[in-house]
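> FYI, the numbering for the sequence shown is -23 to -1, 1 to 113, going by mature numbering (1 follows the signal peptide of the UniProt record, and there is no 0).
Here you go, one structure.
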Amino acid sequence: MKKIWSFILCLVISLAMTSVCLASDGADLNKQQQAVVKVFAALNGQNGMEYAGIRQLMSAKLQTELDEKTFGSVKNNLRRSYGEQRENRFLAYQRYADGDRLAYLAKYSKEKALLFIFVFDKQNDLGAFSFQPIGE
């Protein structure tokens, strides 16, 4: 009987430790996905979201590389080249030693699918993002 209780206790402890370890990944992913939602809203001009609303989500390096004028240019080029965004879907989450990477597929009125990559550092600051069309 003691062996059974010992086994059950070990099982419960190991499950509890696993859930505690995974909670950190889940919290980071949640913060990063919320940031991506804001970036998409700013790129699409939705909900009154503009550059000022996403600037605090960026790393210091990205803030210097992507100022308001440059962001406006990216936004206009995206709209001119691919049209209006119809939808976006979360595709993948990758953890690395120095940060994380989220991938999204987005449908636009002039393009069937664009792949968006968002790179976050260990402090969950947006370090970079890119997009490219995906051929059929």
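All C-beta atoms in this analysis are idealised placements derived from N, C-alpha and C, irrespective of residue type, glycine included.
1. State the Cα-Cα distance for the pair Cys(-3) and Leu82, rounded to the nearest angstrom.
2. Express the C-alpha separation of Phe48 and residue 168 in angstroms, rounding to a whole number.
3. Is the number of C-beta pairs between the stretch 38 to 52 and the stretch 72 to 90 that are closer than 8 Å three or more?
4. Mind checking whether Phe67 and Gln9 have CB atoms under 8 Å apart?
5. Tell whether a beta-carbon distance below 8 Å holds between Asp2 and Asn101.
6. So Leu34 packs on Ala12, CB below 8 Å; how close in whole Å?
7. Would the beta-carbon of Leu92 fall within 8 Å of that of Gln71?
Concretely, from the data shown:
1. Note that Cys(-3) scores 49 on pLDDT, short of 50, meaning its location in the model is unreliable and no value can be drawn from it.
2. An answer regarding residue 168 cannot be provided, because it is not within the stretch -23 to 113 covered by the chain.
3. No: fewer than three Cβ pairs fall under 8 Å.
4. Contact: no.
5. Contact: no.
6. Rounded to the nearest angstrom, the Cβ distance from Leu34 to Ala12 is 5 Å, consistent with a contact under 8 Å.
7. No, the Cβ-Cβ distance between Leu92 and Gln71 is not below 8 Å.
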